[in-house]
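For reference, the structure discussed in these notes is given below.
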Amino acid sequence: MKNDNGHIMKIILCKGQFLGPISGADEAIVTYAIQLKKAGHDPHVLTMYAHPSDVQYQVPLAEAGVKVIHITDHPAHFLLAKARKAACRLLHISSRPRQVLHRDAENITRRIANLYLRECHKYLSRSHADVVHVVTPDAATPVLINASHAAGVPVIYQEMGTPYYSAEHGPYYERLIKALPLCAEVAALSPGLADLCRERYKPQSPVSVLPIMVEDLRNGDAKQQQAPSGPVTFGFAARFDEMKGLSILLRAFARMNKKVPASDSYLKLAGTGPQASEVEKQVVSLGIAERCHVPGAYINRAQKRAFFKSLDVLVHPSLAEGTPNSIVEAMSFGLPVIASAVGGVPEVVSEEAGILIPAGDENALADAMHRLASDVELRARMGLAARARYEQLFTPDIVLPIMLNTYDRVGRKDDRATTTLAETAATGGPPFSLHPWMQAEHAK
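Start counting the sequence shown at 941; every next residue gets the next number (the numbering used here).
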């Protein structure tokens, strides 16, 4: 699938580093790159720093023939991140000192990233790229944007979450806003998040919608209908940290199990992160250890597929989000979803496909889990609706044309680029105009 003139585009997808083993932004870059390669284009993945040894994304990129480049092997930012986490664990510092610690760490990582501005510029200047696509704010993001602009390569910044979603990350967004005027375009994951970017960033550049893309790993296998008397398995797949609401989930699960026989409900937690040890203790203290399984983070497609196929419901009680990969992945497997109504989640999970709850509301979460645990027909209906919504909004066939049109629009140096959805539809262009979110944006 070339662009409308048959041009093979070279796209460089960038971020400061692969975080591993769980990062929605990392997974988005990997999926974007692999699907662009399958479509006949020439995507490269560029990181400022070499990734840690536990990052699993190198393998699928290599198998797809996508080249991965990093600017430096400097380990300072890895050591700093580990030191910051150790300090938080050992000192049990309060929220205000933690924010100060994050700001100090951001200042140091920013200075480290600035050391590699010249190397980034040199690489991008000789890359002959059509577009540079930078995702998510970190200390390296402004450097990558500045280097791309200085190299004369059009750059897109894509926000993968909710702008200013926590005070601790404020410094990253402050630096980002200063670099945004150098971007040809800013992209968000949904129309609502695009509006939020316009409000909070007030960018000079246009803001467009570029949804996440999730590969269909179901391999044509339909979700097996569960017998009414069968046990119900709830699942959680995300980083184990405070913002993901995992402690709230465990308490809600324990509360729900007071209403449901112990043999009728289980909870699987896929992931790892700074709260891992706290999760182990909380599971025991709540008396749910026998019904709670923590398999760790899945590290390949087969493990991910096995995890989602073992579930009946996905629960994602985050306190802040963009449009989470795990929710869309669960929908691709025909699973109903219970999630917090934050960020772009309400645009992903319709009332037919799941249940939305107020963020942090333990009682509402327990009630929603009890409702789905008690009603197999409701789970089946919601699962079918979730699968249909995935097919409508997030498959590679649906999202890739939007990406290609965005790159074509930003990367062209003349007036031949596609400029509006209406013009593309009228000329029989790619089917991205059929995407409901594109229609909503065009109507504004």
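Even glycine gets a Cβ: it sits at the ideal position worked out from N, Cα and C.
Exposure label - alanine 1002; buried when at least 16 CB within 10 Å: exposed
Residue interval of the beta strand (DSSP E) (run including serine 1145): No beta strand (DSSP E) holds serine 1145; DSSP gives it neither H nor E.
Check whether glycine 1283 and threonine 1102 have beta carbons under 7 angstroms apart: yes
Beta-carbon separation (whole angstroms), leucine 1318 vs leucine 1312, contact threshold 8 angstroms: 6 angstroms
Ranges of the alpha helix (DSSP H) found wholly within the region 1080-1117, counting only runs of at least 4: 1081-1090
Helix, strand or coil at isoleucine 962 according to DSSP, with G and I counted as helix: coil
DSSP three-state assignment for threonine 971, whether helix, strand or coil: helix
Within 7 angstroms, strictly: CB atoms of lysine 955 and threonine 1076: yes
Beta-carbon proximity check, methionine 1100 vs alanine 965, cutoff 7 angstroms: yes
Touch test, the region 997-1011 against the region 961-981, Cβ-Cβ under 8 angstroms, three pairs minimum: yes
Under the three-state DSSP convention, the category isoleucine 1011 falls into: strand
Contact check, methionine 1153 vs threonine 971, beta carbons under 7 angstroms: yes
Nearest residue (CA-CA) to valine 1268, options Ile1239, Thr987 and Pro1336: Pro1336
For phenylalanine 1180, the three-state DSSP class (helix, strand or coil): coil
Where alanine 1299 falls: helix, strand or coil (DSSP): coil
Unbroken beta strand (DSSP E) run spanning isoleucine 1239, endpoints: Unbroken run through isoleucine 1239: none, as it is neither H nor E.
Those runs of the beta strand (DSSP E) which lie wholly inside the region 1267-1292 and span at least 3 residues: 1277-1280
Reference arginine 1115; option with closest CA among Val999, Pro1376, Arg1051 and Phe958: Arg1051
Alpha-carbon to alpha-carbon, tyrosine 989 and proline 1070: It should be pointed out that residue 1070 corresponds to aspartate in this sequence rather than to proline. Rounded to the nearest angstrom, the two C-alpha atoms are 23 angstroms apart.
Endpoints, the alpha helix (DSSP H) within which histidine 1061 is located: 1057-1065
Pick from Ile1188, Ser1258 and His981 that is closest to glutamate 1302, judged by C-alpha positions: Ile1188
Burial state of proline 983, where buried means 16 or more other Cβ atoms lie within 10 Å: buried
C-alpha distance - valine 999 paired with isoleucine 969, whole-angstrom precision: 14 angstroms
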